[in-house]
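What follows is a short report on a single structure.
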Amino acid sequence: MHKAMLNGNEAVARGFIEAGGRVATSYPGSPTVEIIQTLNEDFEGGYSEFSVNEKVALEVAIGAAITGARSMVAMKHVGVNVAMDPLMTFTQTKINGGFLLVSGDDPGMSSSQNEQDNRLLGKFAHMAIFDPADAQEAKDMTQLALEVSETYDLPVMLRMTSRVCHSRTPVTLGEAKQHPIGGFSKSLADYAMIPPHTFANQHHLKARIEGLGQAAKDLACNHYEDSGKYHTLIITSGLMYHNLKELELDLSIYKLGMVYPLPLDALKTLSQSYEQVVVIEEMMPFIENELKIAGIPCVGKAYFSHTGELHTENIRQGLQALGLISKPQVKGRDPYETVNRLSMFCAGCPHRPVFDILKKSKIPVIGDIGCYSLAVLEPLEVVKSIISMGASIGMMKGMSKAMTLSGQREPLVAVIGDGTFYHSGMTGLLNLLHQLDKTFNMTLIILNNGTTAMTGGQQTASTGYYSESSDMKVDMPQLIASMGFDPVQVVDQFNYKKAKGIIDQALQHEGLDIIMTTRPCALNFKIVNPHFVVNPEVCIGCRTCVKTNCPPLLMKHYEGIEDLKSSIAPDMCVGCSICSQVCPVRAIQSSKVKEKSL
Amino acid sequence: MINILLAGVGGQGMVLTTKILAEVGMYSGLEVKTNDVIGLSQRGGRVNGSVRMGACVHSPNIQAGTGDYLLAFEPLEALRYAHLLKDGATIIMNTHQIPPVPVMSEKETYPNDIIKRLKATYEVIACDAIKEATLLGSAKLANTILLGILASKLSFNQEIWVKALTENVPSKTVAMNMKAFLSHTHT
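Each protein sequence line maps, in turn, to chains A and B.
All the letters of the first sequence, read from the start, carry residue numbers 1 to 598 under our numbering.
All the letters of the second sequence, read from the start, carry residue numbers 1001 to 1187 under our numbering.
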């Protein structure tokens, strides 16, 4: 059998193809981005897309599923919140084509604003939940989940975690099966979800979960390892199983592949043979609570943290506290004391001049979700709030109203990227029109870089302006004008002086200003200008350039010059020219210009 | 069991290097699991990964104190993750420095004794891979030079390395990559 080295995301894409999946959608969010990216590259006989937001992505997948296509929608954990409205009603309908929702949870928050455990949302939506432990299982469970969806008439959640999404292992590849698209049922009772059609479905929701629960013990993905010693039974799932196995303990394990509904009857019988049951799971006590509700005594979160990842070392600590391990741990050395390295804007990033200008204004910035959330980190530290996709504009309105009520009005400024604006910022903007206080100083800066950048450069509805490969070319200023706002001020932020003039004026102006910057993402649409050079004889060491925090800029010693002067690493500089524009003494110029003058 | 740690700065090509290493293990008939922590970190932040290969591999994570090799794309990142190695383990380090924000803003200085500190506990093989790669035709060959050094410490068949490299680098650059891969074997 042919094997390929796949990570969890690629394995889900492969499993979907092998299961005869036909329509797959997503909104890009770490850790699940590569699922649709993989399908977008090669998906013969199928359709995939990055939609405008998760709710729309789900709606597209619902439409395909009720037309009979095996369908999948993938999103990061918080994306499911955006999609909850259609999900909670779709879940009570009949399944035509099998339906899979992939949720990318992020224990330890390597790239997220919170750590919510979407197994709770899966249960809330009456879905079956699968929890793969590695890429091979991610592929296998994608196929199994679609079978289960059709057999038990329910949508299924594949709950991935960041580790499982990104971890690679050799995966056995199979043949792609055909799964014909049966067509849409026109029966009112199937998909027209208003009473009285919804009444019967409430009973259907309960019955199908109970039916699957009865069958759960026979699913191959749930398995029991009998150690022959009946002191402790460990119940676990996902990567926790592998992390536990590293400890090579002589303990019985029940590994769950499907974490909802649980094979409760089987677990109840089994647990009676043991003195204690220990549940090992990341984040919320989900399995633990399910067992306790069913009257199966167990321990879990009393010994294992509710937050962060549970590595082998953490599992060992918990089991040691339970008295189940006595052999000493391999002790690592203490970490070396060293300098931290946090993320920063790329060389040539179009956000840099905007935040340099905002920092100089000293006005706190209401932030949003995207690369520009990095402006919360040192040395910029200008963004003071980040909540969720598209929240900045609605929040700015609420702040303005509360400030007015308390008589403490201060200028407000919010920033939002184009991807986030189309995702869910537009509605907040429209809402600003209602009871708009035309004397309140509010500024909205839309950072239109034509890219969903933080997740690796997927398209937005503005990408068509920068790339012919995109069919989305929304005229944002016209869109906003058509809502009834004053004309958007369009700014080229690589003309620093002019951009600063317009932004500073807006920050002073009593009333609402909407500014849109025009430069595209420097990672996706690379700038290829000659690098810039500092003339140390002219440089006065004021550090204005270094404060823009561009990767190639560093103060250094030049031979024969006592004081530190600015320098630019030529291999890192892309030639955006911002440092030379902020320099008060014209000490920085393009290497091309310098060559000419020599 | 071979536990290989990888460490560097976002944008240095760690994900591809991890994949090449993993495929070398797979083509050699071993079980393999890898990790890479990216996400927010990809914009110039610290990144780290792991490759584990052996007869039976459960977790992709390398427990503290059990790493056999550290492939470090940047000196400061070598220092940050070295403590996860066994004493006496081998660090293959690119000496090309990328200053982090606190150094750029002059709040802290870039440590100048990294190799000396690490040599007290580990074997350190250091080279300016960027400089060497540039001489060979492209700075992008730096990771292949480091992989070549690692290959000389491991006992995999060279044909397998060639296969994994050939399948993962752009086809036009295969010859250059081979040259970079072998650049340390005769020294």
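Positions of the beta carbon are idealized from the N, C-alpha and C atoms, including for glycine.
All figures in this text were calculated on a predicted structure; none of them were measured in a lab.
{"Asked": "Validate contact between the region 97-106 of chain A and the region 60-76 of chain A using beta carbons, cut 8 Å, 3 pairs", "Found": "yes"}
{"Asked": "The region 1100-1113 of chain B / the region 335-345 of chain A touching (three or more Cβ pairs under 8 Å)", "Found": "yes"}
{"Asked": "Separation of residue 151/A from residue 23/A, as counted between CA atoms", "Found": "19 Å"}
{"Asked": "CB contact below 7 Å: residue 566/A versus chain B", "Found": "no"}
{"Asked": "Residue-chain proximity (residue 1212/B, chain A), Cβ-Cβ < 7 Å", "Found": "The shown model of chain B, from 1001 to 1187, leaves out residue 1212/B, and the question about it has no answer."}
{"Asked": "Nearest residue (CA-CA) to residue 27/A, options 61/A, 358/A and 325/A", "Found": "61/A"}
{"Asked": "Chain B contact residues for residue 546/A, given Cβ-Cβ distances below 9 Å", "Found": "1104, 1105 and 1106"}
{"Asked": "Complete runs of the beta strand (DSSP E) confined to the region 455-542 of chain A [at least 3 residues]", "Found": "489-491, 512-517 and 532-534"}
{"Asked": "Distance, residue 218/A Cα to residue 266/A Cα", "Found": "10 Å"}
{"Asked": "Residue-level contact to chain B via CB, residue 333/A, 7 Å cutoff", "Found": "yes"}
{"Asked": "Beta-ladder partner(s) of residue 49/A, from DSSP", "Found": "25/A"}
{"Asked": "Where residue 167/A meets chain B, residues with beta-carbon distance less than 7 Å", "Found": "1033, 1034, 1035 and 1060"}
{"Asked": "Residue 1019/B, enclosing alpha helix (DSSP H) - first and last residue", "Found": "1014-1027"}
{"Asked": "Contact with chain A by residue 1096/B, beta-carbon distance below 7 Å", "Found": "no"}
{"Asked": "Identity of the residue in 430/A, 232/A and 85/A nearest residue 250/A by Cα", "Found": "232/A"}
{"Asked": "Between the CA atoms of residue 387/A and residue 404/A - distance to the nearest angstrom", "Found": "22 Å"}
{"Asked": "Cutoff 8 Å; reference residue 188/A; Cβ partners in own chain excluding five residues on either side", "Found": "197"}
{"Asked": "Nearest neighbour of residue 1156/B, chosen from 1106/B, 1116/B and 1024/B [CA to CA]", "Found": "1024/B"}
{"Asked": "Members of the region 332-353 of chain A near chain B, C-beta cut-off 8 Å", "Found": "332, 333, 334, 335, 336, 338, 339, 340, 341, 342, 343, 344, 345 and 346"}
{"Asked": "Residues within the region 368-389 of chain A neighbouring chain B, beta-carbon criterion of under 7 Å", "Found": "371, 374, 378 and 379"}
{"Asked": "Own chain partners of residue 425/A with C-beta closer than 6 Å, once the 5 adjacent residues on each side are dropped", "Found": "390, 393 and 416"}
{"Asked": "Where residue 554/A meets chain B, residues with beta-carbon distance less than 7 Å", "Found": "1099 and 1104"}
{"Asked": "Start and end residues, beta strand (DSSP E) containing residue 170/A", "Found": "168-172"}
{"Asked": "Of the listed residues 193/A, 246/A, 253/A and 202/A, nearest to residue 226/A (C-alpha basis)", "Found": "253/A"}
{"Asked": "Near-chain B residues of the region 242-269 of chain A (beta-carbon distance less than 7 Å), N- to C-terminal order", "Found": "242, 243, 245 and 246"}
{"Asked": "Among 557/A, 546/A, 570/A and 591/A, nearest to residue 579/A - alpha-carbon criterion", "Found": "546/A"}
{"Asked": "Residue interval of the beta strand (DSSP E) (run including residue 438/A)", "Found": "Run containing residue 438/A: none; DSSP gives neither H nor E here."}
{"Asked": "Collapsed DSSP secondary structure at residue 1052/B in the structure displayed", "Found": "strand"}
{"Asked": "Three-state secondary structure (DSSP) of residue 242/A", "Found": "helix"}
{"Asked": "Closest by C-alpha distance to residue 81/A, when choosing among 469/A, 118/A and 159/A", "Found": "118/A"}
{"Asked": "Terminal residues of the alpha helix (DSSP H) in which residue 373/A lies", "Found": "First-last for residue 373/A: undefined, no H or E at that position."}
{"Asked": "Nearest residue (CA-CA) to residue 525/A, options 96/A, 534/A and 453/A", "Found": "453/A"}
{"Asked": "Separation of residue 410/A from residue 402/A, as counted between CA atoms", "Found": "11 Å"}
{"Asked": "3 or more residues per run - each beta strand (DSSP E) lying fully within the region 342-397 of chain A", "Found": "383-385"}
{"Asked": "Residue 222/A in three-state terms, based on DSSP", "Found": "coil"}
{"Asked": "Sub-7 Å separation of residue 45/A and residue 182/A beta-carbons", "Found": "no"}
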